[in-house]
Each structure stands twice: as structure tokens, then as C-alpha cells.
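For the record, in the sequence shown the residue sitting at position 16 is 631 according to the working numbering, with numbers rising by one throughout.
Here a beta-carbon is modelled for each residue, glycine too, at the ideal position from N, C-alpha and C.
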Amino acid sequence: MTSYHVHVERGDRYWLVHVVELDRWTQARTLREVEPMARDLIATMAGTAPDSFDLATDIALPDEVAVHLKQAEQLRAQSR
């Protein structure tokens with residue numbers, strides 16, 4: 616089965632979704648919409664069914680989110 620790499624990053628208003636192998640972009644309002652939007656783009660460009668390939672998704676979180684996640688991880692380690 617073919618696999619596509621999808622890089623996701625936050626834009627001003629939407630999540631920007633880049634399908635690396637096709638060098639094509641789409642957007643999603645929420646992270647929940649990323650996979651369906653990527654599958655629709657790939658299926659349209661490749662002329663295949665949306666369930667005929669695998670996705671490997673990489674989400675680049677905004678810096679302020681990454682900071683909060685790191686703090687939460689440190690607090691979790693301290694509580695152990």
C-alpha cells in the first residue's frame with residue numbers, strides 16, 4: 616500500500632496541510648479535519664480512492680503550545 620507523508624502546521628486562521636510527495640497544500644479548520652482533507656487531496660490528485668493509501672502525519676505545534684506541553688511533562692515527572 617502506498618504511504619504519503621503529511622506535514623501540518625498552524626497558519627493564521629487554519630491548519631496548513633502539506634502532502635510532501637505531491638508537493639500540494641490544503642487547509643483544515645481543526646486537527647480533526649486534517650486527515651479527511653489530506654485524503655481528499657491525495658485521492659483527487661492521484662485518481663485513487665481515499666482509503667487506498669496510508670498517511671504518516673507530522674504535526675508542528677505552535678511554540679506556545681510546545682512550551683505548555685513541556686511544563687506539563689516536567690510537572691508530571693515531579694509528581695511521580
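Whole angstroms are fine: how far does the CA of residue j sit from the CA of residue i?
i, j, result
"R691", "L684", "10 Å"
"G662", "L646", "25 Å"
"Q689", "D627", "29 Å"
"D666", "W640", "19 Å"
"A687", "R695", "13 Å"
Can residue i and residue j be called in contact, C-beta distance under 9 Å?
i, j, result
"V634", "Q642", "no"
"R675", "R644", "Checking the sequence shown, residue 675 turns out to be Ala, not Arg. No, Cβ-Cβ distance for A675 and R644 is not below 9 Å."
"E648", "L670", "no"
Is DSSP giving residue i helix, strand or coil here?
i, result
"T659", "helix"
"R628", "coil"
"D678", "helix"
"S694", "helix"
"R654", "helix"
Mind reading off the beta-carbon distance from residue i to residue j? Whole number of angstroms is fine, and I expect it under 8 Å.
i, j, result
"Y619", "I657", "6 Å"
"D673", "V623", "7 Å"
"L637", "M660", "5 Å"
"V621", "A653", "5 Å"
Against chain C, with Cβ distances strictly below 9 Å, would residue i count as a contact?
i, result
"A643", "The question asks about chain C, but that chain is absent: this structure has only one protein chain."
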